[in-house]
Amino acid sequence: MRNLAGATHEIGKLEEAAAILQKVEEIDRHFDHRLNVARDLWIIARIRQAQSDHDLALMHGYASMLEFEQLGMGAEQIRVGLTVVRSLTALENDREALTLCQELAALTVELERRQPSRRHLLTTEAVQYLREAAARAWLSGPVGVELVSSVQSYVEEISERPPVRFIPPVPLEPM
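Following the numbering used here, the residues of the sequence shown are numbered contiguously, the last one being 175.
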């Protein structure tokens with residue numbers, strides 16, 4: 001069923017994909033497959049985000065973050081957190097976006113301290129950049145959504161491929 005949901009999502013039938021994943025999540029909860037539940041919730045959040053239903057994206061995103069936190073999966077919690085920040089930015093909830101960016105930055109530092117790696121170090125740099133951008137109120141409007149999307153894409157990319165240096169989409173300091 002998860003593959004069917006993925007294929008449905010790929011061809012643009014987002015509502016059908018979300019409905020299938022809701023069923024998959026129910027099955028995973030029934031069998032207490034918590035990791036799958038966390039992943040299901042994250043995918044649903046991303047689908048809702050693609051549909052511009054940011055309130056539902058937030059609900060599922062926060063639930064996924066909690067699941068990953070309880071499973072002790074900090075890297076995934078951070079990646080889901082970036083999905084949540086993107087929806088908060090789209091809803092122009094700058095205060096909550098800043099708070100979450102601060103929490104995610106602290107998580108990245110802790111993850112890098114416990115499990116030093118180039119990937120964790122670069123994730124820390126990217127999320128700290130996002131935290132600073134949020135503190136400067138740069139996450140407002142469409143430009144803010146693009147900035148968050150850029151950091152989110154970078155973190156996704158280095159989680160799946162050999163990590164490359166983070167280059168901020170907009171420099172914090174004038175050149």
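Glycine residues also receive a C-beta, built at the ideal position from the N, C-alpha and C atoms.
Original post:
Out of E146, Q102, L98 and V84, which has the shortest C-alpha to C-alpha gap to G61?
Top reply: Closest by alpha carbon: V84.
**OP:** Let me know if E157 comes out buried or exposed under the rule of 16 or more other beta-carbons within 10 Å of its beta-carbon.
**Re:** With fewer than 16 other Cβ atoms within 10 Å, it is exposed.
Original post:
Can a CB atom of chain B be found closer than 7 Å to the CB of E26?
Top reply: Annotation note: the requested chain B is absent from the structure, which comprises a single protein chain.
Original post:
Between N93, L104 and A63, which lies nearest to L130 when the distance is taken from Cα to Cα?
Top reply: Minimum Cα distance to L130 is reached at L104.
Original post:
Would DSSP call M59 helix, strand or coil?
Top reply: Under the three-state reduction of DSSP output, M59 falls in the helix class.
Original post:
Buried or exposed: where does Q115 fall if 16 or more other Cβ atoms within 10 Å of its Cβ makes it buried?
Top reply: By the neighbour-count criterion, in which a residue is buried when 16 or more other Cβ atoms sit within 10 angstroms of its Cβ, Q115 is exposed.
Original post:
On the three-pair Cβ rule with 8 Å, is the segment 133-144 touching the segment 86-102?
Top reply: Yes, they touch.
**OP:** Would you mind working out which of P163, G144 and R161 sits nearest V170, comparing C-alpha positions?
**Re:** For the residues P163, G144 and R161, the minimum Cα distance to V170 belongs to G144.
Original post:
For the alpha helix (DSSP H) that contains E26, what are its first and last residues?
Top reply: Going by DSSP, E26 is part of the alpha helix (DSSP H) stretching over L14 to H30.
**OP:** Would you tell me roughly how many angstroms separate the C-alpha atoms of A134 and L98, rounded to the nearest one?
**Re:** Taking the straight line joining both Cα atoms gives about 5 Å.
Subject >> Of the residues R46, R113 and L71, the one placed nearest L88, counting alpha carbons only >> reply: For the residues R46, R113 and L71, the minimum Cα distance to L88 belongs to R46.
Original post:
Just the Cα atoms here: how many angstroms apart are Q102 and R34?
Top reply: One alpha carbon belongs to Q102, the other to R34, and they sit about 26 Å apart.
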